[in-house]
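Data block below; observations after.
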Amino acid sequence: MKLWIRRNLFRTWWDGVLTVVFGALAAWVIWSLAEFVFVTGRWSIIEVNLKLLLVGQFPEESLWLIDGSVIAIAFWLAAALGGKPQAAEDRQSWGARLGDTLQRFGLLVALGVLLIVLAGTEASLGIAAGLVGAIVVGRAVNAARNRWAPIQRIPAIIWHLALLIAPVALISLTLMQSDVQLWGGFLINFYIAIISIVLCFPLGVLLALGRKSTLPIVRLISTTYIELIRGAPLFVLLLLAGVALEFFIPSEVAPGSVFRAVTVFTLFTAAYLAEIVRGGLQSIPKGQIEAGKALGLSTVKITFLITLPQALRNVIPAQIGQFISLFKDTTLAGAALSIVEVLKVSEAITKQDDFLGQGYIYEALAFVSLLFWVGSYVMSRESQRLEKRLGVGQR
Amino acid sequence: MSKKVFTDATKMSGGRGDADAIVVMEGVVKRFKDFEALKKIDFKVGTQEVVVIIGPSGSGKSTLIRCINRLEEHDGGRIIVDGTELTMDIRNIQEIRRETGMVFQNFNLFPHLTVLTNVAMGPRQVRNMPKAQAEALALELLTRVKIPEQADKFPSQLSGGQQQRVAIARALAMKPKVMLFDEPTSALDPEMINEVLDAIKELAAEGMTLVVVTHEMGFAREVADRVVFMADGEIVEVGTPAELFDNPQEERTKKFLSQIL
Numbered sequence: 069m070k071l072w073i074r075r076n077l078f079r080t081w082w083d084g085v086l087t088v089v090f091g092a093l094a095a096w097v098i099w100s101l102a103e104f105v106f107v108t109g110r111w112s113i114i115e116v117n118l119k120l121l122l123v124g125q126f127p128e129e130s131l132w133l134i135d136g137s138v139i140a141i142a143f144w145l146a147a148a149l150g151g152k153p154q155a156a157e158d159r160q161s162w163g164a165r166l167g168d169t170l171q172r173f174g175l176l177v178a179l180g181v182l183l184i185v186l187a188g189t190e191a192s193l194g195i196a197a198g199l200v201g202a203i204v205v206g207r208a209v210n211a212a213r214n215r216w217a218p219i220q221r222i223p224a225i226i227w228h229l230a231l232l233i234a235p236v237a238l239i240s241l242t243l244m245q246s247d248v249q250l251w252g253g254f255l256i257n258f259y260i261a262i263i264s265i266v267l268c269f270p271l272g273v274l275l276a277l278g279r280k281s282t283l284p285i286v287r288l289i290s291t292t293y294i295e296l297i298r299g300a301p302l303f304v305l306l307l308l309a310g311v312a313l314e315f316f317i318p319s320e321v322a323p324g325s326v327f328r329a330v331t332v333f334t335l336f337t338a339a340y341l342a343e344i345v346r347g348g349l350q351s352i353p354k355g356q357i358e359a360g361k362a363l364g365l366s367t368v369k370i371t372f373l374i375t376l377p378q379a380l381r382n383v384i385p386a387q388i389g390q391f392i393s394l395f396k397d398t399t400l401a402g403a404a405l406s407i408v409e410v411l412k413v414s415e416a417i418t419k420q421d422d423f424l425g426q427g428y429i430y431e432a433l434a435f436v437s438l439l440f441w442v443g444s445y446v447m448s449r450e451s452q453r454l455e456k457r458l459g460v461g462q463r
Numbered sequence: 561m562s563k564k565v566f567t568d569a570t571k572m573s574g575g576r577g578d579a580d581a582i583v584v585m586e587g588v589v590k591r592f593k594d595f596e597a598l599k600k601i602d603f604k605v606g607t608q609e610v611v612v613i614i615g616p617s618g619s620g621k622s623t624l625i626r627c628i629n630r631l632e633e634h635d636g637g638r639i640i641v642d643g644t645e646l647t648m649d650i651r652n653i654q655e656i657r658r659e660t661g662m663v664f665q666n667f668n669l670f671p672h673l674t675v676l677t678n679v680a681m682g683p684r685q686v687r688n689m690p691k692a693q694a695e696a697l698a699l700e701l702l703t704r705v706k707i708p709e710q711a712d713k714f715p716s717q718l719s720g721g722q723q724q725r726v727a728i729a730r731a732l733a734m735k736p737k738v739m740l741f742d743e744p745t746s747a748l749d750p751e752m753i754n755e756v757l758d759a760i761k762e763l764a765a766e767g768m769t770l771v772v773v774t775h776e777m778g779f780a781r782e783v784a785d786r787v788v789f790m791a792d793g794e795i796v797e798v799g800t801p802a803e804l805f806d807n808p809q810e811e812r813t814k815k816f817l818s819q820i821l
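Which chain is which? The protein sequence lines are A and B, in order. At the far end of the first sequence sits residue 463, using our numbering, and the numbering has no gaps. At the far end of the second sequence sits residue 821, using our numbering, and the numbering has no gaps.
This is how it looks when you write it as structure tokens:
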């Protein structure tokens, strides 16, 4: 230990100075943060407004639908991905597995505990119990599928559709019960981000292929689209979607602001994604295409079976980075389109009578930052795991 | 330009007639910008014949066999493979690619797929064979090149020699009428060259038609029915291994052989 300190922190006098200066700086930052979190921070504003921050004006009596959807999604994720039997060579001890799980989900669990404490209701404990139960059952279901022959005989498509019944039913029920336009808080950020990610991915891939197409018209359209969108600030596009649409469409039939936000985020991110995917396609050696041709594969099959899968795998970090940035950019929708997303809510609550003019904005913004930080960090961690599992850089 | 071509490259070994020809090249020209890579090549390969092409680098050997399955587009002359002429028509090109297998210097296996899937790719995607049948065929071919136990691994987990044998199995899976080898051992460590050459020799012994570009003269001498010597985009000299190696007629052949032997 002493030796390690000597070697790594105080090897030369200059190292020593740097260690002391940055050590002091780090200590000061951590101290100030801790002081804010535990001493000076007035978290009552979050406690009182937790529901507003998370789901906005969502009708109280339908809240169970959101709880149910979240639990159903957790079950689906666990049943589709969790509890896989491990290959003998990388089977781990219980301790190591617990450590891994904590590393992966510890932050989410901590956030969950924090929310329960802030909410301070029995209902939130019930939701937490439901979540844990759903994950345990989900893993057990997947484990059963991997072990029992009768279940294995069910075709994969039917199995996965069956697993999706509960989440899809609950989500559609939620959507039917309440107008998306009335949603708010972090829920609407999450909703816009997920829908946009799902939609922009295929569009981005198509644009990337279009830009590399041998047909001049397709290439021209794709290139123009990509360069136009990439040349415009996202905020301006969001403002345009809010204002300019009325020029062309009468306001009675014009789509709602959430729809417009999703459209802009999708179109915007697709342009960036297209360039990322194109970069991935260019990194595939020519020999791969030649090997496909020599086998007699058609151009379409070479693209979808050989070059595209490798290209997408090679650019996972950049893709996820783009998705994370989209997730965080959803906070722009409040200012540009008057959507009551979490940032808008956090500003609004500081203007409530109890909190007005007392500088509560720090606490409100800190909470919003925490939500986004946890979300982004989990996405980034999972992308690293995915990379490892797909063996990027190894094969 | 040399005064005359010593041996006619269109005369197939064993005195076979044209009906036996599976690859026919007539006056084939290939240019890369201003550089003429192939200068009016006349060349034939007979069914079950083993032709080895040798020559200095840049002589057009690789270009010649890459023209046969349209990895390079020729600029003049005619190429006919198994009765189908290579034209701009994509159907003809696909037809010919189905009948020719190619093995590359750098293996070019698909790194994101297992060895078994690599080999099953052709039959499954081009010949629309059911999955189970294609995989059975793939396993049979992997057994033939002596690496059935590697079926579930990924290419990067294999040695160079093993990868090249997988590549041979992958080409064979299409049941081609001609196999083209583009310097199949040039990227291999010396100790792995023989396992690949042995696999090719076995194909020759089974009566497969082979066109092999290589620098392995021992292999050429042992397996070839005909050896073709190329230089500067021309076929300079053609003969049986004994004729060409032991009694070369052309100056360029003599010079090349004296440099490498």
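Note that the Cβ used here is the ideal one computed from N, Cα and C, for glycine as well.
How many Å lie between residue i and residue j at the Cα?
| i | j | result |
| --- | --- | --- |
| Thr242 of chain A | His228 of chain A | 22 Å |
| Ser366 of chain A | Met244 of chain A | 45 Å |
| Val204 of chain A | Val177 of chain A | 15 Å |
| Val442 of chain A | Leu170 of chain A | 14 Å |
| Val771 of chain B | Gln220 of chain A | 47 Å |
| Phe78 of chain A | Thr87 of chain A | 7 Å |
| Val413 of chain A | Val368 of chain A | 48 Å |
| Ile222 of chain A | Leu231 of chain A | 12 Å |
| Glu450 of chain A | Val273 of chain A | 21 Å |
| Lys280 of chain A | Thr291 of chain A | 9 Å |
Check whether chain B comes within 8 Å of residue i, counting only Cβ atoms and requiring the distance to be less than that.
| i | result |
| --- | --- |
| Lys62 of chain A | The first residue shown for chain A is 69 and the last is 463, placing residue 62 of chain A beyond what the model contains. |
| Leu363 of chain A | yes |
| Gly348 of chain A | no |
| Ala359 of chain A | yes |
| Gly127 of chain A | Correcting the residue identity first, residue 127 of chain A is Pro in this sequence and not Gly. Chain B, which has no Cβ nearer than 8 Å to the Cβ of Pro127 of chain A, makes this no. |
| Gln356 of chain A | yes |
| Ile374 of chain A | yes |
| Gln378 of chain A | yes |
| Arg457 of chain A | no |
Would the beta-carbon of residue i fall within 8 Å of that of residue j?
| i | j | result |
| --- | --- | --- |
| Val326 of chain A | Ile256 of chain A | yes |
| Val605 of chain B | Ile582 of chain B | yes |
| Val446 of chain A | Leu166 of chain A | no |
| Ala342 of chain A | Ile113 of chain A | no |
| Ile392 of chain A | Ser444 of chain A | yes |
| Pro377 of chain A | His672 of chain B | yes |
| Met585 of chain B | Gly661 of chain B | no |
| Thr644 of chain B | Ile628 of chain B | no |
| Thr800 of chain B | Arg786 of chain B | yes |
| Val410 of chain A | Gly253 of chain A | yes |
DSSP beta-bridge partners for residue i?
| i | result |
| --- | --- |
| Leu598 of chain B | B:Lys590 |
| Met585 of chain B | B:Phe603, B:Ile639 |
| Met662 of chain B | B:Leu740 |
| Leu770 of chain B | B:Val610, B:Met739 |
| Arg786 of chain B | B:Val611 |
| Ile795 of chain B | B:Met790 |
| Thr644 of chain B | B:Val641 |
| Glu409 of chain A | A:Gly253 |
| Gly124 of chain A | A:Trp251 |
Examine chain A for any beta-carbon lying closer than 8 Å to the beta-carbon of residue i, and answer yes or no.
| i | result |
| --- | --- |
| Met734 of chain B | yes |
| Ser562 of chain B | The pLDDT assigned to Ser562 of chain B is 42, lower than 50, so where the model puts this residue is not dependable; a value taken from the coordinates is nonetheless given after this. No, Ser562 of chain B does not count as interfacial toward chain A. |
| Val686 of chain B | yes |
| Pro671 of chain B | yes |
| Asn652 of chain B | no |
| Met681 of chain B | yes |
| Phe664 of chain B | yes |
| Leu624 of chain B | no |
| Asn668 of chain B | yes |
| Leu823 of chain B | Lying before the first or after the last residue shown, residue 823 of chain B is absent from chain B, which here runs from 561 to 821. |
On the criterion of 16 or more Cβ atoms from any shown chain inside 10 Å, does residue i qualify as buried, or is it exposed?
| i | result |
| --- | --- |
| Ile297 of chain A | buried |
| Arg626 of chain B | buried |
| Asp742 of chain B | buried |
| Trp251 of chain A | buried |
| Trp144 of chain A | buried |
| Met69 of chain A | exposed |
| Ala300 of chain A | exposed |
| Ala520 of chain B | As shown, chain B starts at 561 and ends at 821. That puts residue 520 of chain B outside it, with no answer to give. |
| Pro808 of chain B | buried |
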